[in-house]
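Residue numbers (this note's numbering), protein chains in the order written: chain A, 14 to 480; chain B, 14 to 480.
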């Protein structure tokens, strides 16, 4: 206990420090005021002094009408990187206030992956007119990127990289980098390619910096570099970067030729996105956060899940309905009913969430599935025994009836066993059938624990308590 | 629909490719067989040809007794990095098979942060004897690291970095790096310090590589670099790296002097950990995954949450108990009861999860809390109206009683409003009181939606339907 309160204190201290980097509440209020006054000069000065990512946050925090005014104020002064950091919904609000010409210039300055994200995020009817405003060279790369499926390497990669032949020396590379203008803004490794332009090695910059000018690259390069196929899913890319501590990786086409580079900052975003997606989907919120959507749009996006859930609830009701007569005789059953179902749902959710997460991080896979499955069933039985005793005694004393205690104890034992069984089995089966376990798992689980919970409890009561 | 099936196909294709990097099921089976045969030679050859992170995965997949045998086989040949990649539970299984002397050597070769993680993860009674086996210089750094609170910069940082004065030229730095042995294994930026050893700028290596030898650092350095105070929480550090696309950051003590460096690979792990923690905690699994714990230990760790949940369920039962007489008269109430509570719980969980996640990523903060709160209440009301109509009609037709339809419709409307209200309010309030919203939020929410759901539904029935 002492330790956790200590951590909390530390957190308090440091969060002030962090606020020094981001944007404070006072700052946002000041901006709001000056938007109301339409003080363009003030807005330009203060907002443009922020980091592009912080400007994006500011846009996201502001209300829709304020976003529009601020966007109109900043116009072509807006850093292009800010657009790439905006949530889809907010991005559309912001760019509505831009002439296609101005936007085209901004997009032409971005890395291909960022520009493609923006084009892909805006409303369809605007895309073509906007693309036309981008200079020919970046436009062609953006159009190519958009041909790759969403959430694959083709979308994540940037088209600029540094590739040199294996017989070059460190000195040659340095001279080339110093002279060339055709070098990416940021890069962490030199890619070594063969005459077919296939990557055969990588040299991290820190190794480069420590090597004498005359050293030839093939003597210091990492052989068999990890290559990312252009159609690789972003989840797999995130796995590679995390597992092998990569800062950048070469992207290759089906002919194994180098066509792009993925850098760790893109992957950090992917990791956040994927974790967020799983977490929200488990709770019945599809895809990315709906934080910035209007209330009505949010309602429409959340409706389908609630509707599916209504079916589950109705199924549970039908199950209870079978035992109408039994409940009429023993009203205590109606009172205790939710305990069995709720405990089953919660125990199952624990197992389910551990499994969904472990599948996503690949800690749970074909090699250990069986032993984890067996363990979770055992956990269900242990929990079942413990709570059977607790709840059985509770019910027996509450209603002064031993039989009722025995019925609920047996139901609890069985339902917690079922919770462990299905909590582990459902995500594994969904994964096997190539369905994202995070999407469907929790509604399936609740259906099982509710229906079985009610059925076993009321059924046992019917058999054992009804004369 | 077409698109999602296409994505699935792509996923299928690429997951084979990824398996080429990681370890396959067949490989694991082969290793298992050879562990049973105690074929030390085979095990050393094949296992040691893997990447250290893959060896760690292999240990995690194997059963406890297999882990021990494999560890005994590998002994001092085991890459030190593998130990740093192991889950805490598995780490303890593995190191039990090492003599302190061998382990001390392995740990001395690691970065300070990794060695400190290992010392901190092993059972307490072994720590001192192990520390004694580590060479003096690394041991002192490890002991220092362990004095910082867990999950702060002091633990994450490594003590090696490259720091040079501002008046040095690019050429001087390159010559220094080529000559010095006292340089970290990996680094992405040069830190520029003043005579007090306070960081005043950073120069990324890619900028270094592109600059002529005679250029002086202060002319190319990024001024006002982002500094990480040594007591900063790892969640805040992850925020900084993500927000500003950092690959490394200088860590400073309270005197603002440079004492270490945090690199992006450490932060990638933190991001995974923090997302995992929130997701598991929302489901009532404390802290990190319990995947590798034995069944009984897992049960013990999950018990407290289930026990708290039992209180919630009992509270709900007591609420139902108040209306015993009403249920006796109208058994249909017992049948429909779960629908109201379950829909409230699910709608509330949607809101809650979006809010918990947005608080973690700081998308939800003091500046927009009020407007998000208002929106979620509105979503609750919209959902309430929609499902009031659906469920009202359903109940009226099912039981052929209009009054029952009206009662459940009103209860649904009210409970979904409550779900939106509390789903948004609970995490925000917990955060305000410095309690991690992911820990306590869902049990609080279910208590509210269950108790209010049952109370309103049965209460209205008592008022409107009982003569």
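Here a beta-carbon is modelled for each residue, glycine too, at the ideal position from N, C-alpha and C.
Under DSSP, residue 203(B) takes part in a beta bridge, and its partners are 216(B). The beta-carbon of residue 315(A) is placed less than 8 Å from the nearest beta-carbon of chain B. Remark: C-beta atoms of residue 312(A) and residue 455(A) do not approach each other more closely than 8 Å. Scanning 199(A), 367(A), 448(A) and 177(A) for the CA closest to the CA of residue 302(B) turns up 367(A).
Where residue 355(A) is concerned, the enclosing alpha helix (DSSP H) starts and stops at 345-373. For the pair residue 132(B) and residue 108(B), the CB atoms are not nearer than the 8 Å cut-off. Counting only Cβ-Cβ distances below 7 Å, residue 200(A) has contacts in chain B at 219, in chain order. Ranked by Cα distance from residue 212(B), the options 218(B), 193(B) and 175(B) are led by 175(B). When the alpha-carbon of residue 296(B) is set against those of 307(B), 285(B), 306(B) and 315(B), the nearest one is in 315(B).
The alpha carbon of residue 123(A) has as its nearest neighbour, out of 151(A), 113(A), 434(A) and 453(A), the alpha carbon of 151(A). Taking 8 Å as the cut-off, the beta carbon of residue 166(A) is found no closer than this to the beta carbon of residue 237(A). Runs of alpha helix (DSSP H) with 4 or more residues, each lying fully within the region 46-91 of chain A, are found at 53-61, 65-74 and 77-87, listed in chain order. Residue pairing from DSSP places residue 182(A) in a beta bridge opposite 229(A).
Taking a Cβ-Cβ threshold of 9 Å, the residues of chain B close to residue 309(A) are 391, 392 and 395, in chain order.
For residue 121(A), there is no enclosing beta strand (DSSP E); the enclosing alpha helix (DSSP H) has its first and last residue at 113-121. If you check the CB distance, residue 420(B) and residue 478(B) come in under 8 Å. Within the region 168-202 of chain A, the residues whose Cβ lies closer than 7 Å to some Cβ of chain B are 187, 190, 191, 196, 199, 200 and 201, listed in chain order. Look at the region 223-235 of chain A: the residues with a C-beta under 8 Å from a C-beta of chain B are 223, 224 and 225. Straight across, the Cα-Cα distance linking residue 281(A) with residue 78(A) is about 31 Å. By the CB criterion at 8 Å, residue 242(A) and residue 204(A) fall outside the cutoff.
Note on residue 106(A): 16 or more other CB atoms within 10 angstroms of its CB, so buried under the neighbour-count rule. Here residue 165(A) is bridged, per DSSP, to 246(A).
Inter-residue distance for residue 274(B) and residue 348(A) is about 59 Å (C-alpha atoms, whole angstroms). Only residues of its own chain outside the window of five on either side were considered, and among them 226 and 227 have a CB closer than 7 Å to the CB of residue 184(B), listed in chain order. No Cβ-Cβ contact shorter than 8 Å links residue 392(A) with residue 357(A). In the displayed model, residue 146(A) falls within coil according to three-state DSSP, outside both helix and strand. In the DSSP assignment, residue 462(A) forms no beta bridge with any residue. Contact check between the region 365-383 of chain B and the region 330-341 of chain A: fewer than three CB pairs, one atom from each, fall below 8 Å, which does not count as touching.
About 6 Å separates the beta carbons of residue 72(B) and residue 99(B), which is inside the 8 Å limit, making them a contact pair. Taking 8 Å as the threshold, the shortest C-beta distance from residue 278(A) to chain B falls below it.
Considering only beta carbons, the part of the region 62-75 of chain A lying closer than 7 Å to chain B consists of 64, 66, 73 and 74, in chain order.
For residue 356(A), the chain B residues whose C-beta falls within less than 8 Å of its own C-beta are 319, 322, 323 and 326, listed in chain order.
In the displayed model, residue 456(B) falls within a helix according to three-state DSSP. Inter-residue distance for residue 137(A) and residue 292(B) is about 34 Å (C-alpha atoms, whole angstroms).
Around the Cβ of residue 289(A), a 10 Å sphere holds 16 or more other Cβ atoms; the residue is buried.
Residue 127(B) is a Cβ neighbour of residue 97(B), given a cutoff of 8 Å.
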